[in-house]
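Chains as they are written, first to last, in my numbering: chain R, 247 to 466; chain U, 247 to 466.
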DNA sequence: GCCATATGGATTGCATACAATATCCAGATT
DNA sequence: AATCTGGATATTGTATGCAATCCATATGGC
């Protein structure tokens with residue numbers, strides 16, 4: 247991989263972060279010309295970037311009308327998180343027996359970075375990346391690349407709402423405590439208990455997001 | 247939706263069929279200029295079509311080197327089919343309790359079209375479409391659109407190999423008989439038995455494809 | 001003889017320019 | 001007043017042309 251980034255890829259990567267960061271709310275329109283000026287490129291790489299983001303579910307194209315950021319219903323979010331439970335417990339069952347001490351150390355080091363970032367009052371986008379990195383570290387030994395790719399898809403697709411929740415709630419500490427438990431249970435090789443904790447861990451997050459969304463919908 | 251197709255969409259749709267039909271073997275390169283001539287368009291819509299197909303897993307881009315058709319390893323195919331088992335039994339459990347007689351009739355009519363197509367010695371691409379249509383008809387009442395979308399992704403991603411198998415084997419009749427059983431069990435509302443049959447139905451297909459692939463690999 | 005390097009040609013990535021479609025607003029009609 | 005119609009404007013979709021990168025072949029050094 248490690249190929250030098252093309253302009254379209256650069257735009258896609260940056261715009262993805264902006265969308266996930268919540269810069270564009272609702273189903274707001276993304277004007278190609280404006281984005282082209284933002285990045286000082288022509289509309290061609292912008293269009294290609296938007297197509298990439300469309301495939302990731304962050305953007306929707308309507309022919310001859312342009313691109314809009316996608317807005318997920320509460321039902322859709324619940325569905326996506328149910329899928330996460332299904333897929334992530336599935337890979338975790340395969341991963342745990344393969345976990346080496348190096349894998350466990352790696353996951354533990356990610357948790358330590360959490361702490362550092364949290365203590366320094368760091369930003370949410372960092373936390374979100376760390377969150378995914380930790381989960382991924384636990385799953386990677388499953389050696390199921392296609393499945394991991396789908397999990398990644400689910401994560402980016404719902405990423406905007408994950409970060410949204412973090413702004414409104416103080417769930418980070420709870421999530422981090424659960425991460426420590428997950429790591430410990432995985433270290434002990436207790437597959438069933440680890441998967442069960444993972445399930446509640448994900449479902450709690452989903453409920454938290456749903457609550458935030460329903461509240462903001464009532465206010466709107 | 248029903249929006250008039252843009253050129254890029256047209257190229258994507260047609261090229262998808264060509265790839266799924268096996269016109270390009272292995273990881274062969276797709277030259278933008280050649281495709282542009284094929285469709286009498288410029289390279290811009292061709293590039294956009296290739297990006298779309300990349301997101302569907304049919305094509306891989308390498309920066310400044312172009313697009314290649316993806317080649318799946320036997321392990322990857324097994325993994326994709328295991329995912330199909332996981333996701334499709336999952337939705338089927340939700341769908342069966344919601345099945346109306348109209349849904350059942352619809353699925354049955356698709357099976358009848360099979361017969362007609364088979365008797366007329368019709369082509370494989372038709373069969374593949376019918377196959378997906380039947381499965382989808384069973385799953386749709388689950389009312390889980392995100393999950394159905396992922397199942398669709400898995401289907402197109404592995405579609406080339408599904409069709410490949412059909413060329414080399416005579417599994418169609420067996421699959422069709424299983425479809426009838428599936429429909430009958432679903433009509434009876436026997437969730438567990440239907441899901442179990444679905445599981446073996448998919449796994450058998452996977453083994454058939456794996457056998458064909460491993461054989462062709464030995465010969466190569 | 002083999003490996004490294006350079007040079008020409010081919011191909012991709014991108015900018016510019018134009019065509020096709022949608023959106024907006026004034027004026028007409030009921 | 002509300003709705004409809006038509007044309008101006010804005011925005012998207014696509015063609016063309018140029019720049020950047022890669023690939024192949026040839027050339028030189030060891």
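The C-beta atom is built at its ideal place from N, Cα and C for all residues, glycine as well.
Out of U:403, U:286, U:416 and U:341, which one is the CA nearest neighbour of residue 385 of chain U? Here residue 385 of chain U refers to the residue found at position 139 of the second chain. Comparing Cα-Cα distances from residue 385 of chain U to each of U:403, U:286, U:416 and U:341, the minimum goes to U:341.
Host beta strand (DSSP E) of residue 308 of chain R (start-end): Residue numbering aside, residue 308 of chain R sits at position 62 when the first chain is read from its first letter. Counting along the chain, the beta strand (DSSP E) containing residue 308 of chain R begins and ends at 305-308.
Can you give me the start and stop residues for the alpha helix (DSSP H) that residue 386 of chain U sits inside? Numbered from 1 along the second chain, position 140 holds the residue referred to as residue 386 of chain U. Careful: residue 386 of chain U lies outside any alpha helix (DSSP H) and carries neither H nor E.
Confirm, please, whether the CB-CB distance from residue 282 of chain R to residue 288 of chain R is below 8 Å. Start at 1 with the first residue of the first chain, and residue 288 of chain R comes out as number 42. Start at 1 with the first residue of the first chain, and residue 282 of chain R comes out as number 36. Yes, Cβ-Cβ distance for residue 288 of chain R and residue 282 of chain R is below 8 Å.
Below 9 Å on C-beta distance, what does residue 335 of chain U contact in chain R? Residue mapping note: residue 335 of chain U aligns to position 89 of the second chain, counting from 1. Per Cβ cutoff of 9 Å: no residues; residue 335 of chain U is ~10 Å from chain R at best.
When R:363, R:262, R:256 and R:420 are compared against residue 448 of chain R, the one with the closest alpha-carbon: Locating residue 448 of chain R in the first chain gives position 202, counting from the first residue. Per the Cα distances, R:420.
Quick check on the DSSP output: the beta strand (DSSP E) that includes residue 314 of chain U runs from which residue to which? Counting from 1 along the second chain, the entry for residue 314 of chain U is found at position 68. Segment 312-315, the beta strand (DSSP E) holding residue 314 of chain U.
Between residue 489 of chain R and residue 299 of chain R, is the Cβ-Cβ spacing less than 8 Å? Residue 489 of chain R cannot be examined here, being either before or after the span of chain R that is shown, 247 to 466.
Identify the continuous alpha helix (DSSP H) that holds residue 467 of chain U and give its terminal residues. This structure gives no information on residue 467 of chain U, because the portion of chain U shown stretches from 247 to 466.
Put residue 412 of chain U into one of helix, strand or coil per three-state DSSP. Counting from 1 along the second chain, the entry for residue 412 of chain U is found at position 166. DSSP places residue 412 of chain U in helix when its eight states are reduced to three.
What's the C-alpha gap between residue 320 of chain U and residue 273 of chain U? Position 74 of the second chain, counting from 1, holds the residue named residue 320 of chain U. Position 27 of the second chain, counting from 1, holds the residue named residue 273 of chain U. One C-alpha to the other measures close to 15 Å.
Under a three-way DSSP split, which group does residue 299 of chain U fall into? Within the second chain, numbered from 1, the residue matching residue 299 of chain U stands at position 53. The answer is helix: DSSP assigns residue 299 of chain U an H, G or I state.
Between the Cα of residue 262 of chain R and the Cα atoms of R:324, R:326 and R:402, which residue gives the shortest distance? In the first chain, counting from the first residue as 1, residue 262 of chain R sits at position 16. Here the closest residue by C-alpha is R:402.
Give me the chain R residues within the contact set of residue 293 of chain U, using Cβ-Cβ distance strictly less than 8 Å, ordered along the chain. Looking up residue 293 of chain U in the second chain gives position 47. Result: 294.
When you compare the CB positions of residue 451 of chain R and residue 324 of chain R, do they come within less than 8 Å of one another, or not? Counting from 1 along the first chain, the entry for residue 451 of chain R is found at position 205. Counting from 1 along the first chain, the entry for residue 324 of chain R is found at position 78. Against a cut-off of 8 Å, the Cβ pair of residue 324 of chain R and residue 451 of chain R comes out as no contact.
So what does DSSP say about residue 318 of chain U, is it helix, strand or coil? One-based indexing of the second chain puts residue 318 of chain U at position 72. Here residue 318 of chain U sits in coil by DSSP.
Terminal residues of the alpha helix (DSSP H) in which residue 253 of chain U lies: Sequence index remark: in the second chain, residue 253 of chain U carries index 7 (1-based). It spans 253-266 - the alpha helix (DSSP H) in which residue 253 of chain U sits, taken as one unbroken run.
Among R:345, R:285 and R:411, which residue has its Cα nearest to the Cα of residue 428 of chain R? What you label residue 428 of chain R is simply residue 182 of the first chain in a count that begins at 1. Selected option, being the one with the closest Cα: R:345.
One question on the structure: do residue 394 of chain R and residue 337 of chain R come within less than 8 Å of each other, judged by their Cβ atoms? Residue 394 of chain R sits at position 148 when you count from the first residue of the first chain. Residue 337 of chain R sits at position 91 when you count from the first residue of the first chain. Yes, the pair counts as a contact, with Cβ atoms nearer than the cut-off.
According to DSSP, is residue 248 of chain R helix, strand or coil? Here the question's residue 248 of chain R lines up with position 2 in the first chain. Low confidence applies here, because residue 248 of chain R scores a pLDDT of 39, under 50, leaving its location unreliable and the question unanswered by this model.
For a cutoff of 8 Å on Cβ pairs, would you count residue 453 of chain U as touching chain R? Within the second chain, numbered from 1, the residue matching residue 453 of chain U stands at position 207. With 8 Å as the cut-off, residue 453 of chain U does not count as an interface residue toward chain R.
Whole-angstrom distance between residue 309 of chain R and residue 252 of chain U, CA atom to CA atom: As a first step, residue 252 of chain U is located in the second chain; it is residue number 6 there, counting from the start. As a first step, residue 309 of chain R is located in the first chain; it is residue number 63 there, counting from the start. If I take the Cα positions, the gap works out to 7 Å.
For residue 353 of chain U, is the classification buried or exposed, using 16 other Cβ atoms within 10 angstroms of its Cβ as the cut-off for buried? As a first step, residue 353 of chain U must be located in the second chain, where it is residue number 107. Residue 353 of chain U should be labelled buried.
Please work out which residues of its chain come closer than 6 Å, Cβ to Cβ, to residue 259 of chain U, disregarding the five sequence neighbours upstream and downstream, and give them in chain order. Walking along the second chain from the start, residue 259 of chain U turns up at place 13. Answer for residue 259 of chain U: no residue qualifies.
Can you tell me where the alpha helix (DSSP H) holding residue 277 of chain R begins and where it ends? The sequence position of residue 277 of chain R within the first chain is 31, counting from 1. That residue, residue 277 of chain R, is in no alpha helix (DSSP H); it is neither H nor E in DSSP.
Quick check on residue 328 of chain U: buried or exposed, where buried means 16 or more other Cβ atoms within 10 Å of its Cβ? Your numbering for residue 328 of chain U matches position 82 in the second chain. By the 10 Å Cβ count, residue 328 of chain U comes out buried.
Can you name the residues of chain R whose CB is closer than 9 Å to the CB of residue 362 of chain U? Taking the second chain and counting its residues from 1, the one referred to as residue 362 of chain U is at position 116. By Cβ distance, chain R contributes nothing, its closest Cβ being about 34 Å from residue 362 of chain U, past 9 Å.
Tell me the residue span of the alpha helix (DSSP H) that contains residue 437 of chain U. Residue numbering aside, residue 437 of chain U sits at position 191 when the second chain is read from its first letter. Element bounds for residue 437 of chain U: 437-465.
How many angstroms separate the CA atom of residue 364 of chain R from the CA atom of residue 458 of chain U? The sequence position of residue 364 of chain R within the first chain is 118, counting from 1. The sequence position of residue 458 of chain U within the second chain is 212, counting from 1. Going from the Cα of residue 364 of chain R to the Cα of residue 458 of chain U covers about 53 Å.
In whole angstroms, give me the CA-to-CA distance for residue 313 of chain R and residue 376 of chain R. What you label residue 313 of chain R is simply residue 67 of the first chain in a count that begins at 1. What you label residue 376 of chain R is simply residue 130 of the first chain in a count that begins at 1. Approximately 29 Å between the Cα atoms of the pair.
Measuring CA to CA, which of U:267, U:437 and U:366 is closest to residue 407 of chain U? On the second chain, residue 407 of chain U is found 161 positions in, with the first residue counted as 1. Taking only the C-alpha atoms, the option nearest residue 407 of chain U is U:267.
Determine the burial state of residue 454 of chain R: buried for a count of at least 16 other Cβ atoms within 10 Å of its Cβ, exposed for fewer. In the first chain, the residue the question calls residue 454 of chain R occupies position 208. Buried, since its Cβ has 16 or more Cβ neighbours within 10 Å.
C-beta neighbour in chain U for residue 297 of chain R, strict 8 Å: As a first step, residue 297 of chain R must be located in the first chain, where it is residue number 51. Chain U contact via Cβ: present.
Return no unless some Cβ of chain R is closer than 8 Å to the Cβ of residue 316 of chain U. Residue mapping note: residue 316 of chain U aligns to position 70 of the second chain, counting from 1. Not closer than 8 Å to any Cβ of chain R, the Cβ of residue 316 of chain U fails to qualify, so no.
Taking Cβ-Cβ distances shorter than 9 Å, what residues in chain U pair up with residue 301 of chain R? As a first step, residue 301 of chain R is located in the first chain; it is residue number 55 there, counting from the start. In chain order: 297, 298, 300, 301 and 302.
On a Cα-Cα basis, can you pick out the residue from R:322, R:271, R:256 and R:304 that is closest to residue 290 of chain R? Start at 1 with the first residue of the first chain, and residue 290 of chain R comes out as number 44. It is R:256.
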